[in-house]
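A quick write-up on the structure given underneath.
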Amino acid sequence: MGTMLVVLLLLIIVIIIAALLVKCCKPGTFFRKKADGFRAKFFWNGAIRYVLQSYLKTAMGATAALVLINWDGGSNIANSTQAVIMIVILAQFPFFFMCVMENNKEQLHKKDMKKKIETLYLGIEIDYWYQRAYSSVFLSRRMLYAVLTVVCRDNPNILIHVFLLSNMVYIVYLGFAEPNDEKLAKRMEFMNESGLQFITYHLALFPLALTMEDEELLGLSMLGSVGLIFVINLIVMVTLSIKGLKRKMYLKGLKKKA
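First residue of the sequence shown: 7, per my numbering; consecutive thereafter.
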């Protein structure tokens with residue numbers, strides 16, 4: 007958690023410096039140009055992408071620090087206080103992102119808005135509020151995973167069944183909201199989530215295994231399921247990359263002929 011906190015603090019400091027340079031420096035000056043270029047490249051899509059990608063491990067680190075650290079001693083209290091602050095900050099992001107989407111719902115199709123926050127709804131339908139809530143649902147689910155993984159460490163059966171229930175709720179959300187704007191993306195996400203549900207069922211069945219042979223069969227089945235999902239995703243990614251490369255080469259050939 008410490009590394010992620012340092013990166014987050016540095017990001018906040020850079021945001022403040024860039025904002026001050028934009029406000030204080032006159033247009034056309036060297037520092038204003040650098041600040042505008044940096045802001046256009048990293049804000050806000052770069053910052054949003056960082057939050058989405060690091061949210062789960064940061065939340066797990068903060069929750070683990072809060073639960074596992076002994077509150078006796080000055081350094082432990084400082085670390086626990088830091089963890090509390092981090093959890094409070096992380097818990098605000100789903101609501102913050104939802105507010106941003108709803109407050110700007112009329113401008114989401116515009117080019118200027120896409121330059122700022124397109125990462126929040128890239129590849130997502132934005133016609134209805136429950137579709138625009140996709141990123142908030144994404145983060146809320148990860149916060150739930152992080153908290154349950156640490157809090158229920160002594161009760162793994164409860165953890166597994168809550169995971170199963172949350173996965174089912176998320177699959178129902180995907181079926182109802184249909185947030186993905188492409189058929190392939192819808193099918194891939196549904197397949198991945200269904201596969202995750204099937205894999206999690208293996209964990210629920212392990213305590214019911216009567217013999218070591220049964221546990222080995224469950225383990226092999228679980229590994230095979232993970233491998234199958236991984237291979238399917240890899241094949242889709244490679245196929246799309248090859249198609250994209252072929253299209254680029256085709257367009258390049260047309261330009262040469264012209």
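For each residue, glycine too, the CB sits at the ideal point set by N, CA and C.
Asked: Buried or exposed (CB count within 10 angstroms, at least 16 for buried), Leu126; Found: buried
Asked: Run of the alpha helix (DSSP H) containing His167, from where it starts to where it stops; Found: 162 to 183
Asked: Those residues which DSSP pairs with Asn186 across a bridge; Found: Ile130
Asked: Coarse secondary structure for Glu221, derived from DSSP in three states; Found: helix
Asked: Neighbourhood of Val57 by C-beta, 7 Å cutoff - its chain only, sequence neighbours within 5 removed; Found: Phe99
Asked: Under the three-state DSSP convention, the category Asn110 falls into; Found: coil
Asked: Alpha-carbon to alpha-carbon, Lys262 and Gly201; Found: 46 Å
Asked: Proximity to Ala97 [Cα-Cα], best of Asn110, Lys122, Thr69; Found: Thr69
Asked: Proximity to Trp135 [Cα-Cα], best of Met104, Asn173, Ile205, Ile91; Found: Met104
Asked: Extent of the continuous alpha helix (DSSP H) run through Arg147; Found: 140 to 157
Asked: Cβ neighbours of Ser231 in the same chain (closer than 8 Å, five flanking residues each side left out); Found: Gly201, Phe204, Ile205, His208
Asked: Thr64 burial status per 10 Å Cβ neighbour count (16 or more: buried); Found: buried
Asked: Assigned exposure category for Ile123 - 16 Cβ within 10 Å defines buried; Found: buried
Asked: Candidates Arg138, Cys158, Leu150, of which the one nearest Ala183 by Cα; Found: Arg138
Asked: Contact under 9 Å by Cβ, Ile130 with Asp187; Found: yes
Asked: The alpha helix (DSSP H) enclosing Thr64, as first and last residue numbers; Found: 51 to 74
Asked: Cut-off 6 Å between Cβ atoms - residues of its own chain near Val156, not counting five sequence neighbours on either side; Found: Thr69, Ala70, Val73
Asked: Stretch pair the stretch 104 to 123 + the stretch 155 to 174: three plus CB contacts closer than 8 Å; Found: no
Asked: Top-ranked residue by Cα proximity to Gln59, from His167, Arg253, Phe144; Found: Phe144
Asked: Same chain only: Cβ atoms within 6 Å of Asn161, ignoring 5 sequence neighbours per side; Found: none
Asked: Residues of its chain near Asn51, where Cβ-Cβ distance is below 8 Å and the 5 sequence neighbours each way are ignored; Found: Lys121, Lys122, Ile123, Glu124, Thr125
Asked: Residue from Ser146, Asn109, Met194 whose Cα sits closest to the Cα of Met66; Found: Ser146
Asked: Candidates Glu108, Met228, Met194, Ala53: closest to Ala210 by CA position; Found: Met228
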